[in-house]
């Protein structure tokens, strides 16, 4: 299983979060208006958006389990939800307190953040792996789905036990690291920001955030900024540099991905990228954009983390300060603009404009130079079928050639498709030949063990429907 597969499986759940972020942002904005009717609707918007955002880890569990299952199974998605609920219940504050005979306030702080994105993704991977492993097996006199559920429960309990001992050490280690970094001034702020982004994929950024943003070791950067206590030009430095990144940098990433997408794919991804860019700018909710490329193109995400660290360092070094209560978006920027500890915040906008172009041109260059398969680049722009309607006769011809050059239906043990690819699992992979398949408009193929993936573009699902129809006719 590759990071790219996990990344693609996340595209479904992250699609809802730009909308959630916009709802939340509008709710916070309208909440400031002194009108009872508007306030009522503001609370509805904010609560709806917050509900969607707070359940992000759970949607990751369901979406990854669904996306990684061989046949995009609803049962696998349910399995992912079950896995997530078991892990978060077994490792929740109340459960851990009962294991240790302590009150919930005395348990390690690590378990207060156990329902994070990493646990969601891990749950989806576990659930889909078990489903794929046992779905094709036959169990005499026993319902196979019941067997899969029982196996899932047992394995999930084992994973939870491992995490029970491992998770606090990782969490406490990060807090200790944060305490060490905090003594380095603006350089420490930059190092913190770098690791803040780098740890998001595994959900451990909360550990660092608690050191710098809250009152774990006495910094309490967010609380002190809004309470106007601390040191002017210093308090807020662990927040300020995120504004250029979230308001300008990540929207630059969205435009870079839109620019580098193949022309025929741009309309398909435009609405998502533009809404995600707006959500990042307006509310500071960056997960929709970050999760859209962190697993698909890890080098780009590393580059993003590096630029974030540099940006936060620059803002801290020059004492350009603003703060946030929710996230580093336009709403919090405006709210903090006239706070007593806000210092030359307009320079964050100037820096942000530079950061926008830095992200846009750097990401555009890297994506093209290294041919990264970011959104809209999953297939080549040269395919002959992308801009034309594929007729049933053409699809039948392609399907026949595919079946023949996969060694006939007898050699195919499993097949499915995603948006652009056909996947075949073969008994004898040596019987596969790509020469004639390529002439039908296929762009490339990937060989992963006994699995063959043939890239066709947006007609992949239609071709698969025709193949399955031929398979059904062959059986009857």
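Numbering (our numbering), first residue to last: 1362 to 1837.
The beta carbon of each residue, even a glycine, is placed where N, CA and C say it ideally should be.
Determine the DSSP secondary structure at residue i, reduced to helix, strand or coil.
i: residue 1738; result: coil
i: residue 1392; result: coil
i: residue 1623; result: coil
i: residue 1574; result: coil
i: residue 1537; result: helix
i: residue 1381; result: helix
i: residue 1553; result: helix
i: residue 1599; result: coil
i: residue 1585; result: helix
i: residue 1731; result: coil
i: residue 1397; result: helix
i: residue 1719; result: helix
i: residue 1521; result: helix
i: residue 1419; result: helix
i: residue 1617; result: helix
i: residue 1527; result: helix
i: residue 1414; result: helix
i: residue 1331; result: Outside the modelled stretch of the chain, which goes from 1362 to 1837, sits residue 1331, for which no answer is possible.
i: residue 1548; result: helix
i: residue 1608; result: helix
i: residue 1560; result: coil
i: residue 1821; result: helix
For my contact list, residue i and residue j are in at a C-beta cut-off of 8 Å; report their separation, rounded to the angstrom.
i: residue 1717; j: residue 1609; result: 4 Å
i: residue 1444; j: residue 1513; result: 6 Å
i: residue 1404; j: residue 1386; result: Their Cβ separation, rounded to whole angstroms, is 14 Å, which puts residue 1404 and residue 1386 out of contact at 8 Å.
i: residue 1712; j: residue 1672; result: 7 Å
i: residue 1549; j: residue 1543; result: 6 Å
i: residue 1615; j: residue 1634; result: 4 Å
i: residue 1565; j: residue 1478; result: That pair is no contact at about 10 Å.
i: residue 1487; j: residue 1449; result: Incorrect: roughly 13 Å between the Cβ atoms, too far for contact.
i: residue 1589; j: residue 1702; result: 5 Å
i: residue 1685; j: residue 1600; result: 6 Å
i: residue 1692; j: residue 1397; result: In fact, because the Cβ distance is near 21 Å, the residues do not count as touching under 8 Å.
i: residue 1792; j: residue 1772; result: 6 Å
i: residue 1492; j: residue 1437; result: 4 Å
i: residue 1339; j: residue 1642; result: The displayed coordinates of the chain run from 1362 to 1837. Any statement about residue 1339 would go beyond what the structure contains.
i: residue 1704; j: residue 1594; result: 5 Å
Near residue i, which residues of its chain fall below 8 Å by C-beta distance, leaving aside the five closest residues on each side in sequence?
i: residue 1824; result: 1751, 1756, 1759, 1760, 1763, 1778, 1783 and 1817
i: residue 1660; result: 1727, 1731 and 1733
i: residue 1510; result: 1440 and 1443
i: residue 1698; result: 1683 and 1706
i: residue 1631; result: 1619
i: residue 1371; result: 1421, 1424, 1425, 1428, 1482, 1652, 1653 and 1656
i: residue 1725; result: 1617, 1620 and 1621
i: residue 1394; result: 1400 and 1403
i: residue 1433; result: 1427 and 1777
i: residue 1919; result: Summary: the structure shown does not reach residue 1919, with the chain confined to residues 1362 through 1837, and so no result is reported for it.
i: residue 1376; result: 1633 and 1649
Can you list, in chain order, the residues of its chain with a C-beta nearer than 6 Å to that of residue i? Leave out the 5 residues immediately preceding and following it.
i: residue 1562; result: 1655
i: residue 1547; result: 1674, 1677 and 1678
i: residue 1475; result: 1449 and 1452
i: residue 1828; result: 1760
i: residue 1605; result: 1672, 1709, 1712, 1713 and 1716
i: residue 1626; result: 1737
i: residue 1552; result: 1542
i: residue 1532; result: 1471 and 1568
i: residue 1379; result: 1636, 1637, 1640 and 1649
i: residue 1485; result: 1422, 1425, 1426 and 1441
i: residue 1586; result: 1596, 1597, 1684 and 1702
i: residue 1834; result: none
i: residue 1555; result: 1666 and 1670
i: residue 1720; result: 1610, 1613 and 1614
So, for residue i: in the same chain, excluding its five sequence neighbours on each side, which residues have a beta-carbon less than 7 Å away from its beta-carbon?
i: residue 1826; result: none
i: residue 1529; result: 1469 and 1471
i: residue 1410; result: 1381, 1382, 1384, 1385 and 1388
i: residue 1507; result: none
i: residue 1558; result: 1665, 1666 and 1669
i: residue 1366; result: 1429
i: residue 1582; result: 1573, 1574, 1596, 1597, 1599 and 1600
i: residue 1749; result: Caution is warranted here: a pLDDT of 48 is assigned to residue 1749, below 50, making its placement in the model unreliable, and no coordinate value can be reported.
i: residue 1797; result: 1762 and 1766
i: residue 1775; result: 1431 and 1786
Per DSSP, which one or two residues make a beta bridge with residue i?
i: residue 1814; result: 1784 and 1807
Report yes if the C-beta of residue i is less than 7 Å from at least one heavy atom of the ligand PLP; otherwise report no.
i: residue 1716; result: The ligand PLP is not among the ligands present in this structure, which contains no ligands whatsoever.
- Task: Just list the alpha helix (DSSP H) runs in the region 1682 to 1717, keeping only unbroken ones of 4 residues or longer that don't cross its boundaries, in chain order.
- Result: 1691 to 1697
- Taking only runs of the alpha helix (DSSP H) that begin and end inside the region 1421 to 1508, which ones reach a length of at least 4 residues, in chain order? 1435 to 1451, 1454 to 1460 and 1478 to 1495
- Query: At what residue ranges does the region 1748 to 1791 contain a whole run of the beta strand (DSSP E), taking only runs of 3 or more?
  - Reply: 1773 to 1778 and 1782 to 1787
- Task: Jot down the residue ranges of each uninterrupted alpha helix (DSSP H) in the region 1631 to 1660, minimum 4 residues, whole runs only, in chain order.
- Result: 1648 to 1651
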